[in-house]
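In the numbering used here, the protein residues as written are 21 to 151.
Positions of the beta carbon are idealized from the N, C-alpha and C atoms, including for glycine.
Just so you know, these numbers come straight off a predicted model, no measurement behind them.
To keep things clear, I will list the structure first and then write my remarks on it.
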Amino acid sequence: MRSARRFDLIEADPLWPTSAYAGNLYSHGYFTLLRDRLKPNGIAVSWAPTGRVRNTFINVFPYVLDYGDIVIGSREPIAFDADSIRARLTGAVRARYAESGVDIAALLAPYLDRRPRLHYTGRRSRRTAAT
């Protein structure tokens, strides 16, 4: 809130919905802050531990890719190309994750092997409409 900076990607480490103040992190107000800090074609990513969190996120973002437990939102349509993502998970990217013992291709496979549900609300944020 203190910065006018805009971001290509915003992702917050999730809290269990039963944790103190988790309601703030999964609130309409918080998701609105994320949406309004995105650059054009920027995306926000959130864990959706409950239907209520998922529905709130979908209500805020005009475009959402919904994987059930993870939601990806933007003010603009989101280009999803699983083959392109898989191609980027080779070479240096895969090696970088492997240094930490993470098989990034295996970790992302369940999300790349199925198509997400697309939500389009038809609403545009004031910031988007004004630009």
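Every unbroken stretch of the beta strand (DSSP E) spanning 3 or more residues and falling wholly within the stretch 64 to 126 is given here in chain order: 83 to 86 and 90 to 94.
Apart from sequence neighbours up to five positions away, the residues of its chain that approach glutamate 31 with a beta-carbon distance below 6 Å are Val65, ordered along the chain.
Counted as a single uninterrupted DSSP element, the alpha helix (DSSP H) harbouring leucine 53 occupies residues 48 to 56. Only exposed fits serine 23, as fewer than 16 other CB atoms lie within 10 angstroms of its CB.
In terms of Cα proximity to glycine 93, the closest of Tyr131, Thr52, Arg25 and Trp36 is Thr52. A residue is called buried when at least 16 other Cβ atoms come within 10 angstroms of its Cβ; threonine 76 meets this threshold and is buried. DSSP, reduced to helix, strand and coil, places proline 130 within a helical segment of the structure shown. DSSP places leucine 45 in the helix class (H, G or I) of the three-state scheme. In this structure the stretch 66 to 86 does not lie against the stretch 102 to 121, because fewer than three pairs of beta carbons, one per stretch, are closer than 8 Å. Per DSSP, reduced to three states, the secondary structure at leucine 35 is coil, with no helix or strand assignment. Proline 60 sits in a strand when the DSSP states are folded into three classes. Arginine 137: member of the beta strand (DSSP E) spanning 137 to 140, first to last residue.
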